[in-house]
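To keep things clear, I will list the structure first and then write my remarks on it.
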Amino acid sequence: MDSNRLDELLDLYLDGALSPQDKSELESILLSEPSARDQFWDHAKFHSSLRLYGEQASCKHESVEKLLAILLPSKDQPSAPIVSPTSGFPPPIITSIIFMLLLLVAGTLWFTNRPTVQPDQHADTEFSSDGSTTAAAESFVGIVIGQSSEANWAGTSRGLGHAIGHKQLKLEKGEATLQLDNGVEIQLRSPSELTMLSVDHGILHSGQLSARVPPEAIGFHIEAPGVNVVDLGTEFSLAIGESGAPQVHVFEGKVRAEIADEPSSVKELVTGETASFESGKVAVRFDEDDLGEFPKLAGDKDLPKTFGKLVFLRQAPQTLINGTYEHDSIMVFREQQDLALPEQLSVLRGVTNQRLSDEGDSVPEYVEIDAGTRVQSYLVHFDRVDARGGPGFTAEGTVRFKEPILGFIVKRKSLDRTDEIFRHPKTVYEQANTRPLEMRFVGRAHRSHDEVYLSDDGHELTMTLRGGNAVDQFRVLVAVEGQ
Amino acid sequence: MATQDEASNVQLLFVQNIFVLRGFVTALLPDFSQVDDVIQETFLTVTAKANDFEPGTNFQAWACTIARYKVLELTRRTNTNVVLLDAEVIEALCSTPLNNWNPESEMLAIEKCKETLAPQARRAIELRYEKAKQPPEIAKQMGWKVNAVNVALSRARRVLRDCVKRHLPDSNMNFQGGK
Numbered sequence: 027m028d029s030n031r032l033d034e035l036l037d038l039y040l041d042g043a044l045s046p047q048d049k050s051e052l053e054s055i056l057l058s059e060p061s062a063r064d065q066f067w068d069h070a071k072f073h074s075s076l077r078l079y080g081e082q083a084s085c086k087h088e089s090v091e092k093l094l095a096i097l098l099p100s101k102d103q104p105s106a107p108i109v110s111p112t113s114g115f116p117p118p119i120i121t122s123i124i125f126m127l128l129l130l131v132a133g134t135l136w137f138t139n140r141p142t143v144q145p146d147q148h149a150d151t152e153f154s155s156d157g158s159t160t161a162a163a164e165s166f167v168g169i170v171i172g173q174s175s176e177a178n179w180a181g182t183s184r185g186l187g188h189a190i191g192h193k194q195l196k197l198e199k200g201e202a203t204l205q206l207d208n209g210v211e212i213q214l215r216s217p218s219e220l221t222m223l224s225v226d227h228g229i230l231h232s233g234q235l236s237a238r239v240p241p242e243a244i245g246f247h248i249e250a251p252g253v254n255v256v257d258l259g260t261e262f263s264l265a266i267g268e269s270g271a272p273q274v275h276v277f278e279g280k281v282r283a284e285i286a287d288e289p290s291s292v293k294e295l296v297t298g299e300t301a302s303f304e305s306g307k308v309a310v311r312f313d314e315d316d317l318g319e320f321p322k323l324a325g326d327k328d329l330p331k332t333f334g335k336l337v338f339l340r341q342a343p344q345t346l347i348n349g350t351y352e353h354d355s356i357m358v359f360r361e362q363q364d365l366a367l368p369e370q371l372s373v374l375r376g377v378t379n380q381r382l383s384d385e386g387d388s389v390p391e392y393v394e395i396d397a398g399t400r401v402q403s404y405l406v407h408f409d410r411v412d413a414r415g416g417p418g419f420t421a422e423g424t425v426r427f428k429e430p431i432l433g434f435i436v437k438r439k440s441l442d443r444t445d446e447i448f449r450h451p452k453t454v455y456e457q458a459n460t461r462p463l464e465m466r467f468v469g470r471a472h473r474s475h476d477e478v479y480l481s482d483d484g485h486e487l488t489m490t491l492r493g494g495n496a497v498d499q500f501r502v503l504v505a506v507e508g509q
Numbered sequence: 029m030a031t032q033d034e035a036s037n038v039q040l041l042f043v044q045n046i047f048v049l050r051g052f053v054t055a056l057l058p059d060f061s062q063v064d065d066v067i068q069e070t071f072l073t074v075t076a077k078a079n080d081f082e083p084g085t086n087f088q089a090w091a092c093t094i095a096r097y098k099v100l101e102l103t104r105r106t107n108t109n110v111v112l113l114d115a116e117v118i119e120a121l122c123s124t125p126l127n128n129w130n131p132e133s134e135m136l137a138i139e140k141c142k143e144t145l146a147p148q149a150r151r152a153i154e155l156r157y158e159k160a161k162q163p164p165e166i167a168k169q170m171g172w173k174v175n176a177v178n179v180a181l182s183r184a185r186r187v188l189r190d191c192v193k194r195h196l197p198d199s200n201m202n203f204q205g206g207k
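Those protein sequences? They're chains U and H, same order as listed.
Numbering of the first sequence is given in this note's numbering, commencing with residue 27 and proceeding in unit increments.
Numbering of the second sequence is given in this note's numbering, commencing with residue 29 and proceeding in unit increments.
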């Protein structure tokens, strides 16, 4: 069974877009494969959860607990049926009320009585008292997206472009920037030891870190010897020295911090405040001279924005050889910041989606970029985990550039040829002839094709890359500011 | 004719299984506005036929089959052009036991994960699931082709599922591929 094809058919089915041929194919798969029926229900349940969420997001109901008491008989008290089977169907208005209650049971309790998501619920690992973790090694929470030139990692930590799992990270020299899957960015300054239990929850055993937490990740928290910090929408720093009290500084926003096991010590700190935490004593000060003590995350407003399973590496990686990176994210990095084209180049633009091309309206559009045009170049690289063998894996993500995208280079020969023009001097490039995307119009495409969309405004690329035994790569050329 | 005890029993089972039933009917009907009508009629029929249900047997499969007939009735009555799977396929699907589905946890995770979507994808998801629009209406509203909307929805759902999976490590969702 082609799982990706089944995914595609189920998506079409859920949106009412199955053709008669697709329907026959889907039915045949569902009848013959028990695992396909499980996959059907996975999709159907998630589709329904999305609808329940959508209903609640668009229409918040009043609390219904008191109505539930009427609807649901208690365990020790038998009750009459809501609708008597002997009394015929009730009037429509009554049944409507009954079903409003039923649907409230099904779909609205979470809004009126929603549980707080505890970060620990997200952790799929056990943290023992000696600081070791027993998480599955293949479970990842983020990627190292940048590091200083002198950065040196110890133990199993592997640095730029590599995954962050639940194992303890040890940064012996330099600084590094981590991006977690919930969008949190962490700047780690050596010597530091950090364990991420989940995307929401980490333990800083020693050293210094700063964290920038986007609104959707509020609640992110870091434990450290002697202090716990919970983000309330902010950029903050935490420093644990070999001696002396732990320090918390807020660059922007607000955090809640407390001495571990001393609830009365809890303090809310706001922009510019620094607090030191010692048993029984919290000292808060406001002193700009403190700033140099804490690692500072670089500004990101001019960097490409990424969404989904796609990360932007702040530096070019050392190597792009197949099998180097053990995670399942697409990576993008800048090769050249401002380069005048030595020759005219033909690049691809427009829709590159195989499904759309069935309608005959997605003939790829090639455009010429004149010699001398100044461009930035970026390389997209996808090398999924466990690439040798096993089922395919799909990653989807979007990258948005500040300047307009001029086009992208997909074909192998064009990629190879333009490597010489755009390659980053410190990166070893993959040379295998299987490196380009598999798309209908750039070679022999099959059902596991890759897709790349260019948005109407020309600034955003959305891609679906299906990992196989080879890497997937393509090059994106972007205008230079002011060009 | 079902007794009051039998009716109470199936109604309680109905409430206990309502997420699954609603998920099933939602999967059958692209037009979300019809889902509650079908659930309502299924409930009434389940109540009326309560004496047909043998306690201890698979309530989900039984109610699911009734719901499917209600979908068929509705589509005939309203002349809706819905592509329904064959009865044999529905029967096979209804016999598949569903365990450990926790929509509440999924909804909480969806709330967080929605923020990770690109703006256009988020818009498409909001129109589909919050505004209950079907792809042709979404296409008009966003100035896209219908196929582009289908692709965008498919892609956005996958991103959300992956994200929800990360938030729910014990999730029962069986994603394909993976790490």
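For glycine and all other residues, C-beta sits at the position ideal for the given N, C-alpha and C.
Check, Outcome
"Three-pair Cβ contact test at 8 Å for the stretch 218-227 of chain U versus the stretch 189-200 of chain U", "yes"
"Interface positions of the stretch 39-60 of chain H facing chain U (Cβ-Cβ less than 7 Å), listed along the chain", "Gln-39, Leu-40, Val-43, Ile-46, Phe-47, Arg-50, Gly-51, Phe-52, Thr-54, Ala-55, Pro-58 and Phe-60"
"Under 7 Å by beta carbon: chain U residues contacting Ala-152 (chain H)", "Neighbours of Ala-152 (chain H) on chain U: none; closest Cβ ~11 Å, over 7 Å."
"Inter-residue CB distance, Asp-48 (chain U) and Leu-38 (chain U) (contact presumed, cutoff 8 Å)", "6 Å"
"Cut-off 8 Å between Cβ atoms - residues of its own chain near Val-63 (chain H), not counting five sequence neighbours on either side", "Arg-50, Val-53, Thr-54 and Leu-57"
"Proximity of Glu-352 (chain U) and Gln-370 (chain U) at Cβ, strictly below 8 Å", "no"
"Run of the alpha helix (DSSP H) containing Gln-39 (chain H), from where it starts to where it stops", "32-44"
"Residues from the stretch 177-202 of chain U in contact with chain H, defined by Cβ distance under 7 Å", "none"
"Whether Arg-501 (chain U) touches Ile-431 (chain U) by CB criterion (8 Å)", "no"
"Coil, strand or helix - Lys-293 (chain U) by DSSP", "strand"
"Beta-carbon proximity of Gly-233 (chain U) to Thr-260 (chain U), cut-off 8 Å", "no"
"Per-residue burial, Lys-452 (chain U) [other beta carbons within 10 Å of its own, 16 or more giving buried]", "exposed"
"Reference Glu-132 (chain H), options H:Phe-42, H:Leu-41, H:His-195 and H:Glu-34, closest by Cα", "H:His-195"
"Chain U contact residues for Pro-83 (chain H), given Cβ-Cβ distances below 8 Å", "Neighbours of Pro-83 (chain H) on chain U: none; closest Cβ ~15 Å, over 8 Å."
"Separation of Val-38 (chain H) from Thr-31 (chain H), as counted between CA atoms", "11 Å"
"Distance, Val-406 (chain U) Cα to Ser-440 (chain U) Cα", "15 Å"
"Proximal residues to Gln-363 (chain U) (C-beta, below 7 Å), its chain only, five neighbours per side dropped", "Gln-402"
"6 Å Cβ shell around Glu-119 (chain H) - same chain, five flanking residues per side excluded", "none"
"Ile-46 (chain H) versus Pro-240 (chain U) - alpha carbon distance", "36 Å"
"Straight-line Cα distance separating Glu-82 (chain H) from Ile-55 (chain U)", "31 Å"
"contact_flag[the stretch 495-509 of chain U, the stretch 64-83 of chain H] where n(CB pairs < 8 Å) is 3 or more", "no"
"Ala-397 (chain U) - containing alpha helix (DSSP H), residue span", "Here Ala-397 (chain U) belongs to no alpha helix (DSSP H), and DSSP marks it neither H nor E."
"Neighbour flag for Asp-114 (chain H) against chain U, beta carbons, 8 Å", "yes"
"Beta carbon of Arg-340 (chain U) nearer than 8 Å to that of Thr-203 (chain U)", "yes"
"Cβ neighbour criterion (16 or more within 10 Å) applied to His-472 (chain U)", "Confidence is the limiting factor: at His-472 (chain U) the pLDDT is only 48, short of 50, which leaves the residue's position unreliable and the question unanswerable from this model."
"Cβ shell of Pro-462 (chain U) (< 8 Å), same chain only, five flanking positions each side left out", "Val-436, Lys-437, Arg-438, Leu-441, Val-468, Gly-469, Asp-498, Gln-499 and Phe-500"
"C-beta atoms of Gln-65 (chain U) and Leu-32 (chain U) nearer than 8 Å", "yes"
"Per-residue DSSP class, three states only, for Pro-163 (chain H)", "helix"
"Completely contained alpha helix (DSSP H) runs for the stretch 162-187 of chain U, where each covers 4 or more residues", "none"
"Burial state of Arg-410 (chain U) (16 or more Cβ within 10 Å)", "buried"
"Cβ pair Glu-198 (chain U), Asn-178 (chain U) closer than 8 Å", "yes"
"Cβ pair Thr-490 (chain U), Arg-183 (chain H) closer than 8 Å", "yes"
"Residue range of the unbroken alpha helix (DSSP H) whose run includes Leu-38 (chain U)", "29-40"
"Ala-152 (chain H) to Lys-173 (chain H) span [Cα, whole Å]", "12 Å"
"Residues of its chain near Leu-100 (chain H), where Cβ-Cβ distance is below 8 Å and the 5 sequence neighbours each way are ignored", "Leu-112"
"Euclidean distance between Cα positions of Ala-342 (chain U) and His-475 (chain U)", "27 Å"
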